Structures are given as structure tokens and as C-alpha cells.
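Residue numbers (this note's numbering), protein chains in the order written: chain A, 51 to 581; chain B, 51 to 581.
A virtual CB, placed ideally from N, CA and C, is assigned to each residue, including glycine.
Given the structure is predicted, the values throughout are model-derived calculations rather than measurements.
For reference, the structure discussed in these notes is given below.
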């Protein structure tokens, strides 16, 4: 791993405010998932002392950082984006070395990462995030006057962000949770994912540089490295932390939720956890374009070695010749895929166990399988399974997530069985319907049910590839997330780190600027929108 | 207890959909808190069978009720208001008999109750509640096209509402939680508070009449009577229930939160629990109008026998002659108050224990005490206590809520001690500052801290009396509520029972009407507000 000119050298340190901190004791290395070799340097394990130091600094930064204006924070986020971009090939090469993700994916993820930082800058400049609502006073109202009521949103306080293994940039150190929390006015303490500590350090140093450039308190941002559950639990339990953003496994998310609930003062944990992203192939769509759909399906299943939260792990189709043709084409497409590397040996092992268990389930057939490069340290074998609706309904494990490039096609007996299956689905990030004109009635019924199950409904597409915008929802009912009323992607994510406060009869000179009578911010005034 | 002509006779039944259900076994009576006598009829204890029956009906109603239009639900809520109003003196007399609240308070609460139902009707007709966001497609964008993304909010499903003891109308069967959940499109199962079952039955029958008038499914609304914790826990644990609204004690709220977290699929509990509503009397205000402030303070402390969530239980003032004068005037004002009845013997007992403990605390003086009518069954003795800042800081119990007509004035040594006290406050529904021009700098600092502690900041008023409007926030950090990002009063309360869903590339004829391209609803289109 070479370092590009101008990019910081990796030190293995946690970044706690302005200080590089390399705790004594055992450390850990990143591992190249292609070769299986350890990557330098060694990263020190942060512990309770480092958590305390980072959160004390974050709490000290909060009174200053929360009072920065939206314009100031917009400029800061844009500066973070610029510093991340300036890392250039030093960053993308390290991402590739630590994750094995293909170059095009890394480039796309980098663009998304800086793009969402800049998108939050536009949100901050717009001012709608203040959530201003005004009820004007009615001093002569009988029997009691109406007071002057002015509502705005305030940041909740220091936020803990857990980097995701599968998005080393877009949902890691300067990813969506960090961007939305910083946008809201909350200092951030990131626990970097131990699978990509070098990527985390590079990006962390870029954020720190922006903190320095903008004269912000050092505790506005810290990055802790570590591999232990204790580190994460200590961070969530710390009384200075006021909210948590997490993307990862169901077990990990639930452990953090439990830790947050055990606190003397519980806090919200926004955990994005588990989704199999069901897809429904309706008869008209299969008849019109089944084989073409099979090809794009295989791409969505196996891209990034299937390590995407929105990977389509379950496909439902009514049994019949068109479904046979789809399965044949999908099997052939999967067979042409060469296994990519999984992010870690642990994830690779979990994939093998999960896929082997599915293959061994009575009533499940393995109909397609990719190839493995024998040189690959942690291969993720693409596999396509098929079962029938009766087996699916009587084998609850088949509805669970297998993280990686596998998918299960369920041949459904009839529409009644399809209804039964839909009625039993757990909460999902996405649900997809492939349809043609002739499928209208069934599609309408299905979408009407799926909107109760998922945060995003797609038609004639694939759920992988999440657009970052104003309208996106990356969320959904439990177990997809722990907070179904929110999204972790898109501009509404800022709401997770804000809380409304109303000021009653507070004189103008004691009100925050956005609540002044002449303030030029979007507001709801006596129930009427003012832009 | 007479029944007015036209008002339904009380039966003691739970109202489960269209059926009156009177479970066998022991029942309970309401008790007149003035006389201590039991009021007829006997109310049957609902149990698991009734929970099951009500939630099954609610789940069956949901697919129909959630598809009603905003206009249809607006008309339904207005019909509920009209049916409640039509109960006339039968309702207000029963409220008085069951709660001992004064007639003016009951009349005001009735007006608030029907007013908030009608306010939610205006919200529904406005359409902003749909939360529409649209990102228009960019089919030619490189490297990937942007899909068509259309976000709206959907109701979460059947909601359990727990009636509050202290708001027999405005936060009970047809109160704020019910109004906001019904507005959102969620069927409601209310567990009525056992202290006012007759009031609950009357109001429940009014809602049922509106359900019938509007041809809605019977399961849109049910009312269960009962006194046991098991009933509440069973309701929260029921898999058909998707969210919970609760107003009551900290212990009760935390028990429901725990029950909701133990579910296989946890759900949000919106619990409004505990607040002492600190008030800060700044030097300029005390000098200018201390005695006048003392009179309004005593009214706020003892009104409704102090049984209001926003009752000011703690007052902080810098020690000195003006504070002496305030305490003297407040003591005199409290001494003139005759004890009103507490809502229940349990609440009266808790008040006596809490106030006795405070009176017995070393460093705390009882400086004012009202009088008790010896005929009163459950009197709530008004008491005013004074302590000093050192005692307050070293006696954490003094910062806890004593529900009833008591309050504690803390003589604070200096501004530094005031800062220390503010830094240690728990989350609150409200925080109040009394100030004059000369207090500007201290007030600015104080408000800057209090906005992190409370959901509502008031200047030169008293927190009792919550305005229901678009800008109100009745909420705050733990332990004031379990969900600090939300409000239980005001139009934003509807958001607690909604969840965003985005529709990606869904054809127009499969989209809900509010997402059609020509829809005339408020929306954020490509980040720009459209009214």
C-alpha cells in the first residue's frame, strides 16, 4: 500500500479531537480480502479511556458547534467533501485493498459520499431544516389570550456513528449518518468499522482538516478504532452521547438498542439492520421479458458480491412455464459470474454457512452457481436457489437474510398463496414489483400491501443502488430498521438528530435568528406555509 | 348521577367495535373524590380475550380505514366532536363527579377536546400531512439515470391509547392521542383510565356513533375498561398494535416501553411521563414585580389541585431581599388556597407521601400551607417549600416530581450555582424564565441552556395551560417523554403515527392520488416547496 503524494501517512491512531491517540496493547490490522494478507499499519484498540476522551471533547464542542449557522455548517460540509476528494488515489486504492470492491464501485461510492455532503449543504442553506412553525399571538382572544408560539428544531447533542462494513465511504466515517448529524449541528464520534481502518483514518483526517480550516472546536469530530463489542457498547452507554446511527447486522443493531435502553436516560438508536428485499415477478412481466429480467436480476444479486443492504434475496413468481424460463435464464446468468471477494473472512464464513443451510433445506434446489477464483482469500460464491411456496411458508428460516451473492426464487402456487406469503413478510427496506399492463389489478393489490411492509416500493427495477435525494426513504418497519418513521439516506435523515422546541412569549432579542419576525426562512405560520 | 335526556345510559361495558362487552367476574366503580362514594354502574374488567377481540377488529378495520381520504377523516373527526358536544351536561356532570375538577376547568377541557378534533380536520384538508416529496426523473443523467421518486406518509397501523387520569377529556378517550392517530389513518384501541370510566364510556359511545354515521368499519375504535397492569401490557404486547400513546407516571410509561421492546417486533411508545417544569425568577423581574408574580405562581401551582403535567414544581431565584419578598407573598397566597380534591385516593396518598418527605428533608422549610375542607374525601393540601441551592444540589430527590399542589423554591447562592443547577436538570416538558430588561444577558445564557432540557421555553408566564396549535411542542428529553423528537399536543402529533414510503418508478395509475403528477397537495419537488 503506497501513499499518494500529499495524502497523510497512515499511523494506526484513533483521532480524538486534535490528537492522534495510539492506545498501548494489542492492535489489529486490516486484511486484504483478495490475498488474505494483513495490511500495515497496526491499529490500536480504543477502550473506555478513549471513549471518555472523545465524548468529553464532543460535549465541550457542542455548545459552540450547535450555534454555528446553517451557512457555516454548509461551508464546513463542503470542505469535508473537498478534503475527501483531495485524497485521490491514496483513498481509492486503500478502499480497494481493504474491501476488494471493484474500482467502478469505489469510484461511484466516493462520488455518492461527497455528493451527499454537498446535498446536506444545500439543505442547510435552504433553511427548511429549522422546522419553523409560528402561531401568532391573539391577545384579545376569549376566554384566554393566545400566546406567541415559535417552534424550531435544535440538535440533540453528540452523536455516535458506527461505520458499516459494506459501505467503506458512503456509510462510514464521512458517510450518511455523519453528514446528517454534522448538518444538524451535532458533534460526531465515529467508531470506524475494523475491516477498513486505513480508509477510516484517511477520511477521518480529511474531516479533521475541515474542522481546523473552519475554526471549529476539535471535539466536533473524533474517530475511534476497535474490534470489540465492548467499545461500541461503551460509546452508546456514555451519558454525553444523545443519539446513535448504525448500519449493520440485526444482532449488532439490537445489542446497541438494548444498551441505549439500559441507560439511566435512554436515547434513540437509528439502526438499519436486516432486509431480504422481496421481489415479485408478475405473470405479464414474465411473459413479456422474463429472460431479460433474469439477466438484470443476476447482476443485482451478485454486484459488490451481494453485500448490499438492498440486495434482492427473495423472488416470488407464480409457478408456470414463464417462471421456468426465468429460472433457467437466471441460473445461466449466475453461472457466468465469478465470485468476488467478501469483505471479511467473517462475512465470507457467514455466507457459506447461510447458503449451505439453504442448499441443505428439504424442498430447496440449487439451480445456479458461479465460479470461484482459487487464489481468492475470502470468496463469495454466487448461488441461486429455488423452492416452492409450501416449503417457503413452512420453513421460516428461508425468509431470513443471507448476506452475500445468493438469492432464492419461490414458485408460488397461486394468487391466494402469494397473498399468504405477503401477509407474513417481516419489515423490509425495499419491495419490488415487476409488472406489465396486464398485471395492473394484482400489482395494485400487491403495492397496497407492500407499502405496509417496506420503506421503498420499486416497479420494474432492482433495489440495489440507492438514490440520494430529497424523496429517498432508506428505512422500513422492524427488523429493517429500529426506527421506521425515519430514513438513513436522503435529506430527511437530518431529522433524526433534531428535536423541536417551542418558544412561548420570548422577546425578539432573546429568540434565535430564524424565529425573528423578519426571518427569511421557510415556515408554517398559523398553519399556512411561507417559503 | 342523573343522565341527561338523549345521552346514553351508562352500562359498565367495554365498547369493542359495535359490541357492548361486559366481562364476567369482579368489576370496579368510579369513586367521587369529593365524597369518596362509589358511582354506579360497575365496570367490567377487560382481559386478554377483550384485548384480542378489539385488536382483531382494529386490524380488520385498518385496510379500509387507512384508505379513507383526508377529507373523509376530517368529516369523521368533526362528527366525533359534534357527538361529544351533544352529550352536554350528562358528560360534564359525570366528569365532575368522577374527577372533582371545577366546572370551569371541565368546560375549558371540553372545548379543547372538540377544538383539537376540529384542528386535525383542518390539517387533513390541508394535505401537508401527506409529507409529499418528489425527485423528478433524470433519464439522461450519467453515469446512471435518476429514477422517479415519490414519497408520502402512510399510517403505521392500529394504535393503543392510554387515557390519562388528569385529563379526562383532552387526553383520554377522544383526546389528543386518539385524535392524532385517527387523523393519521390508524384505528385506535383505548384503555380508558379507571378513575373516570363513566366519562370514558360516554365519550366512547360518541366516537362509536361517528363511526356508524360515516360507515366506517366497527374496529376503527374500541374502548377497554380495566384497572390492571396486565391489561395495559397485553395491549402493548399484542402483535396487531403498531404504536402506543401514553400520558401518565414515569413508572407506568417505562413499563410500557419495556413491554414494547420485549415484542418480537418492537414498536414505538410515545410516553409523556414526568416533569417538574423549572421556573427561573431573574433579579430584575423579582425587583420589578415579585409579589405580583407570587400570586400568579400560587394559582399555577394549585390550579386543578396541581394535577397538571406542566405544573411548576421547582422555582429558582438568586438569594436576597427580593426573593424573601417573593417567598413571603407566595406563602401568603398559598395559605389562602383551600385544598381541592385529588383525582383518586392513590394520587392523594402519593401526594401526601411525597410532600411529607419533602417537608421532612433536612434543609427544607415549609413556608406556606393551604387549608383543607374536612368533608373532602381525597384532599390535596397545597404546600410551599423553600430550600437553598446547596441542599438542592446534594439532595437529588428534591428534583423529582411530586404530583399535586406543591412547589419548592430554591434560594440560589449566585449565578455560578445557578449554572451548576441548570447543568444537572433532567429533561422537562417546560422551562420558564421571568425576566426584566435588565436580566437580558443572564436570560440569554439561561434560555440557551434550557432549550437543551425542555420542549417548551416560556418567558414571563406559567407553563400550565397548553395551547393546542400548529407550533406547540408538548414533549422534551427523557424522562419528560420517551420520544423527545415528537410532540403529543398540537398538529405535529400526527407525525407519530405516520411513516414515510417512497415509490420508485411506479406508474401513475398505481400511485396513490396524492402522488399523481397533477396532485394539488403541498410538496417538496426537487428540494423546492410547492404549496
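Measure the CB-CB distance between residue 269 (chain A) and residue 110 (chain A) and report whether it falls below 7 Å. Against the first chain, residue 269 (chain A) aligns to sequence position 219. Against the first chain, residue 110 (chain A) aligns to sequence position 60. Cβ distance < 7 Å, so residue 269 (chain A) and residue 110 (chain A) count as in contact.
Note down, one range per segment and in chain order, each alpha helix (DSSP H) of at least 4 residues found wholly within the stretch 156–204 of chain A. none
Backbone secondary structure at residue 295 (chain B) - three-state DSSP: Translated into the one-based positions of the second chain, residue 295 (chain B) becomes position 245. Looking at residue 295 (chain B) - three-state DSSP - the assignment turns out to be strand.
From the DSSP secondary-structure annotation, give me the bridge partner or partners of residue 347 (chain A). Indexing the first chain from 1 puts residue 347 (chain A) at position 297. Answer is none; residue 347 (chain A) lacks a bridge partner.
Is there a Cβ from chain B that is less than 7 Å from the Cβ of residue 217 (chain A)? The sequence position of residue 217 (chain A) within the first chain is 167, counting from 1. No, its Cβ sits nowhere closer than 7 Å to a Cβ of chain B.
Are the Cβ atoms of residue 8 (chain B) and residue 91 (chain B) separated by less than 7 Å? Limits of chain B in this structure are 51 at one end and 581 at the other, which puts residue 8 (chain B) out of reach.
Scan the stretch 234–277 of chain B and note each continuous alpha helix (DSSP H) run of 4 residues or more that stays entirely inside, going in chain order. 247–263
Does the distance from the CB of residue 582 (chain B) to the CB of residue 459 (chain B) come in under 7 Å? In the structure as shown, chain B begins at 51 and stops at 581. Residue 582 (chain B) is therefore absent and cannot be evaluated.
Other residues of its chain near residue 307 (chain B): CB distance less than 8 Å, five sequence neighbours each side excluded: Position 257 of the second chain, counting from 1, holds the residue named residue 307 (chain B). Here the set comprises 319, 321 and 532.
Nearest neighbour of residue 124 (chain A), chosen from A:508, A:562, A:324 and A:175 [CA to CA]: Translated into positions along the first chain, residue 124 (chain A) becomes position 74. The option with the nearest alpha carbon to residue 124 (chain A) is A:175.
I'd like the list of long-range same chain contacts for residue 220 (chain B), defined as Cβ closer than 6 Å, with 5 residues on each side in sequence excluded. For this step, residue 220 (chain B) is matched to residue 170 along the second chain. These residues qualify, in order along the chain: 159, 162 and 163.
The stretch 332–339 of chain A contacting the stretch 372–389 of chain A, beta-carbon criterion three pairs below 8 Å: yes
For residue 398 (chain B) and residue 430 (chain B), believed in contact at Cβ under 8 Å, the rounded distance: By 1-based counting over the second chain, the position of residue 430 (chain B) is 380. By 1-based counting over the second chain, the position of residue 398 (chain B) is 348. With 8 Å as the limit, residue 430 (chain B) and residue 398 (chain B) qualify as a contact, their Cβ atoms being about 6 Å apart.
Inter-stretch contact (C-beta, 8 Å, three-pair minimum) for the stretch 95–112 of chain A and the stretch 196–214 of chain A: yes
Determine, for residue 201 (chain B), whether the minimum Cβ-Cβ distance to residues of chain A falls below 7 Å. Within the second chain, residue 201 (chain B) is the residue found at index 151, counting from 1. Answer yes: the Cβ-Cβ gap between residue 201 (chain B) and chain A drops below 7 Å somewhere.
Going by Cα to Cα distance, which pick from A:188, A:173, A:211 and A:226 is closest to residue 108 (chain A)? Stepping through the first chain from its first residue, residue 108 (chain A) is reached at position 58. Checked all of A:188, A:173, A:211 and A:226; the closest Cα to residue 108 (chain A) is A:211.
Helix, strand or coil: which one does DSSP assign to residue 66 (chain B)? To locate residue 66 (chain B), count along the second chain from 1; it is residue 16. Three-state DSSP puts residue 66 (chain B) in a strand.
Helix, strand or coil for residue 361 (chain A)? Go by DSSP, reduced to three states. Stepping through the first chain from its first residue, residue 361 (chain A) is reached at position 311. DSSP places residue 361 (chain A) in coil when its eight states are reduced to three.
Can you list, in chain order, the residues of its chain whose CB lies under 6 Å from that of residue 86 (chain B), leaving out five sequence neighbours each side? Walking along the second chain from the start, residue 86 (chain B) turns up at place 36. Hits under 6 Å: 427.
Using only alpha-carbon positions, find the residue among B:402, B:223 and B:188 that is nearest to residue 252 (chain B). Here residue 252 (chain B) refers to the residue found at position 202 when the second chain is read from its first residue. Considering only alpha carbons, the answer is B:223.
Can you tell me whether DSSP reads residue 98 (chain A) as helix, strand or coil? Numbered from 1 along the first chain, position 48 holds the residue referred to as residue 98 (chain A). Helix at residue 98 (chain A).
Is the stretch 116–132 of chain A touching the stretch 290–302 of chain A, taking contact as three or more C-beta pairs under 8 Å? no
Buried or exposed, going by whether 16 or more other CB atoms sit within 10 Å of the CB of residue 52 (chain B)? In the second chain, residue 52 (chain B) corresponds to position 2, counting from 1. The predicted position of residue 52 (chain B) is uncertain, since its pLDDT is 43 and thus under 50; a value taken from the coordinates is nonetheless stated next. That one is exposed.
Compute the Euclidean distance between the alpha carbons of residue 66 (chain B) and residue 231 (chain B), then round it to the nearest angstrom. As a position in the second chain, residue 66 (chain B) is number 16, starting the count at 1. As a position in the second chain, residue 231 (chain B) is number 181, starting the count at 1. If I take the Cα positions, the gap works out to 18 Å.
Looking at the C-beta of residue 560 (chain A), does it have a partner C-beta in chain E at a distance below 7 Å? No chain E is part of this structure, whose protein chains are labelled A and B.
Three or more C-beta pairs under 8 Å: does that hold for the stretch 244–258 of chain A against the stretch 272–290 of chain A? yes
Cβ of residue 553 (chain B) less than 7 Å from any chain A Cβ? On the second chain, residue 553 (chain B) is found 503 positions in, with the first residue counted as 1. At least one chain A Cβ lies under 7 Å of residue 553 (chain B).
Chain-ordered residues of the stretch 566–581 of chain A with a beta carbon less than 8 Å from chain B: 572, 574, 576, 577, 579 and 581
Just mark residue 566 (chain B) as buried or exposed, buried being the case when its beta carbon has 16 or more other beta carbons within 10 Å. Taking the first residue of the second chain as position 1, residue 566 (chain B) is located at position 516. So residue 566 (chain B) counts as exposed.
With a threshold of 7 Å between beta-carbons, can residue 65 (chain A) be considered close to chain B, or not? As a first step, residue 65 (chain A) is located in the first chain; it is residue number 15 there, counting from the start. Closer than 7 Å: no.
Would residue 484 (chain B) count as contacting chain A if we go by Cβ distances under 7 Å? Indexing the second chain from 1 puts residue 484 (chain B) at position 434. Residue 484 (chain B) does not count as touching chain A.
So residue 495 (chain A) is in the beta strand (DSSP E); what residue range does that whole segment cover? Residue 495 (chain A) sits at position 445 when you count from the first residue of the first chain. Unbroken run through residue 495 (chain A) is the alpha helix (DSSP H), 490–500; no beta strand (DSSP E).
Which residues of the stretch 526–540 of chain A have a Cβ closer than 9 Å to any Cβ of chain B? Give them in chain order. 526, 527, 528, 529, 532, 533, 534, 535, 536, 537 and 540
Where residue 490 (chain A) meets chain B, residues with beta-carbon distance less than 9 Å: Residue mapping note: residue 490 (chain A) aligns to position 440 of the first chain, counting from 1. Going along chain B in sequence order, the residues near residue 490 (chain A) (Cβ under 9 Å) are 557, 559 and 560.
Considering only residues of the same chain and omitting the five flanking positions on each side of residue 315 (chain B), which have a CB-CB separation below 8 Å? The count along the second chain starts at 1 and reaches residue 315 (chain B) at position 265. Around residue 315 (chain B): 289.
Would the beta-carbon of residue 286 (chain A) fall within 7 Å of that of residue 271 (chain A)? Indexing the first chain from 1 puts residue 286 (chain A) at position 236. Indexing the first chain from 1 puts residue 271 (chain A) at position 221. No, they are not a contact pair.
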